[in-house]
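Every number in the working numbering is 734 more than the matching position in the sequence shown, counting from 1. Where a beta carbon is used, it is the ideal one built from N, C-alpha and C, also for glycine. Computed from a predicted structure; not experimentally measured. Following: one structure in structure tokens, then a few remarks.
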Amino acid sequence: MMKLDPLKLSNQREILGYSQQNVADKSRLCSRTVERAAAGKSINHETAASIAATLGTTLSSLLLDENTYEAAQQVGRTTSLRRATSGRAILDTLDTTAMGVIECDVEATNDNLLLLKNIAHLLESNMKDPMAPIERSRRPLSERLELIAAINEALNELQAAGVCVFVAETWVEAYFPNFLEFGEPYFPDGKQPIGCRAVRMVIAEAGSEKIVRPNLVSWPLEHF
């Protein structure tokens, strides 16, 4: 458990023009939980990390000074991922994060291979590529609805097979490339890291609403 600094939290919200309800909606937390955080009361690591990602900052920058180091060290060891139950929520996450990774903890067999490949394709093909020179434009509504339906169908098929997709958003400081005229990426000397929201998705056996994994992630870009 940890506490966020109410003043730091308020200041970051004001910078972004967010109300507490905005933070709750964007981080997919209940308003009462965000109110607890804003009041400086104890919240769990996962909740604190989600609020920090929503506010576009690092968790350590929002923590009370008295527990910054210890709490940040604890968060750095593991990541909690929640079970995804909505294609719409997954697509919203893919559209609002700058990069991501997908992992599969399920052993592939002839019986589940098509299901695993289908969900992997849906997720990977809609995840932003930080090495691509042109950012994807806003999706037409018709395309968005088709994707949501396809993801929901894939989630239901996985659930029937005892498999789920677990998701966690985080804040990463990464070195994003510049691009030459023809779209070739390069990293100029003195390039500074840029903060961004990132998503980690794990395909794993069903059985609980969340899973905990070591915080060892190979993000697409160099980070710290």
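Check	Outcome
Those residues which DSSP pairs with Thr813 across a bridge	Arg947
Rounded C-alpha distance that separates Met735 from Glu780	9 Å
Classification of Gln746 by the beta-carbon crowding that lies within 10 angstroms, buried from 16 upward	buried
Residue of Phe910, Ala894, Thr788, Pro740 minimising C-alpha distance to Leu955	Phe910
Three-way DSSP call (helix, strand, coil) for Glu837 in this model	strand
Any 3 or more C-beta pairs closer than 8 Å across the region 873-893 and the region 846-859	yes
Under 9 Å between C-beta atoms of Val897 and Ala938	yes
Glu918 - containing alpha helix (DSSP H), residue span	That residue, Glu918, is in no alpha helix (DSSP H); it is neither H nor E in DSSP.
Helix, strand or coil at Leu955 [DSSP, three-state]	coil
Which listed residue (Trp953, Val951, Val933) has its alpha carbon closest to that of Ala818	Val933
Proximity winner among Ser753, Ser744, Val946, Ala908, relative to Gln926 (alpha-carbon distances)	Ala908
Three-state secondary structure assigned by DSSP to Gly821	helix
Cα-Cα separation between Lys944 and Phe900, rounded to whole angstroms	7 Å
Exposed unless 16 or more other CB atoms sit within 10 angstroms - verdict on Leu743	buried
Cβ separation of Ser761 and Ser784, assumed to be a contact under 8 Å, to the nearest whole Å	5 Å
Between the CA atoms of Pro740 and Ala772 - distance to the nearest angstrom	5 Å
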